[in-house]
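S.K.: This is the structure, below, for whatever I ask next.
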Amino acid sequence: MKDLKQFNIPFVGLSEGNHDFNYTIDNEFFEYFNFDEFESANLEVTINFLKKTTLFELVFKVKGTVEVPCDVTTEMYHQKIKATLPLVVKFGPEFNDDNEEILILSYDAYQLNVAQYIYEMIVLAVPNKKVHPKVLDGTMESETLKKLKELEIKEENTAEEVDPRWDKLKNLLTEKKR
492 MKDLKQFNIP
502 FVGLSEGNHD
512 FNYTIDNEFF
522 EYFNFDEFES
532 ANLEVTINFL
542 KKTTLFELVF
552 KVKGTVEVPC
562 DVTTEMYHQK
572 IKATLPLVVK
582 FGPEFNDDNE
592 EILILSYDAY
602 QLNVAQYIYE
612 MIVLAVPNKK
622 VHPKVLDGTM
632 ESETLKKLKE
642 LEIKEENTAE
652 EVDPRWDKLK
662 NLLTEKKR
């Protein structure tokens, strides 16, 4: 993929109404953006493009998985991705993308490249903390988890060693609340 021409939507020739565009996203797409945090990607993107006389309404939807390392164990796993991004496109004297929900294209524009919006939607859909599902349900077996368990601070039962004066202070607090 030398460029992202396949993500150009030539809206000049489109009739008013709904139009759907579908894209399959893999690692090659992310290479264009110099983004290498995914080991592999298998994503389906659909864009519902509603053309009206003075503006366009786009709804981007992504569904699929990206292979990422777990932040706890560094084991690779497939993170499910599902996201939606609405975008309104209007026309004005010059291009302006300062607002994340409204894009203004110049009056002489004839196509819209949606690659950047797809990229941002996918990257932002990945959780900040990536945790392998087996870590969450407790079935993961790994050297990292064994070492973390070994180094875990264990609470010792120190009830017998508590200074009796602390008990008096605790009683003062409970009596005060009554």
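So in our numbering, the last one in the sequence shown is 669, and the numbering has no gaps at all. Note that beta-carbon positions come from the ideal geometry of N, C-alpha and C, so glycine has one too.
How many angstroms separate the CA atom of L603 from the CA atom of T515?
M.R.: Each residue's Cα considered, the two are about 18 Å apart.
S.K.: Taking only three categories from DSSP, how would you classify Q602?
M.R.: Correct three-state label for Q602: coil.
S.K.: Hey, is L546's beta-carbon within less than 7 Å of any beta-carbon in chain D?
M.R.: The structure shown contains no chain D; it holds only a single protein chain.
S.K.: Assuming the contact rule is C-beta atoms closer than 8 Å, F529 and E558 should be a hit. Round their C-beta distance to whole Å, please.
M.R.: The pair is a contact, with the Cβ atoms about 6 Å apart (cut-off 8 Å).
S.K.: So L594 is in the alpha helix (DSSP H); what residue range does that whole segment cover?
M.R.: Note, L594: premise wrong, no alpha helix (DSSP H); beta strand (DSSP E) at I593 to S597.
S.K.: Grab me the residues of E507's own chain with a C-beta within less than 6 Å of its C-beta, minus the 5 sequence neighbours each way, in chain order.
M.R.: Excluding positions up to five away in sequence, the list reads K542.
S.K.: Does the distance from the CB of V550 to the CB of P577 come in under 7 Å?
M.R.: Their beta carbons are under 7 Å apart, which means V550 touches P577 by this criterion.
S.K.: Given that a residue counts as buried once 16 or more other Cβ atoms are within 10 Å of its Cβ, and exposed if not, what is L505?
M.R.: Its Cβ having fewer than 16 others within 10 Å, L505 is exposed.
S.K.: Quick test of your reading: L594 and V614, contact by CB under 8 Å. State the CB separation rounded to the nearest angstrom.
M.R.: Between V614 and L594 the Cβ distance is about 18 Å, and since that is not below 8 Å, they are no contact.
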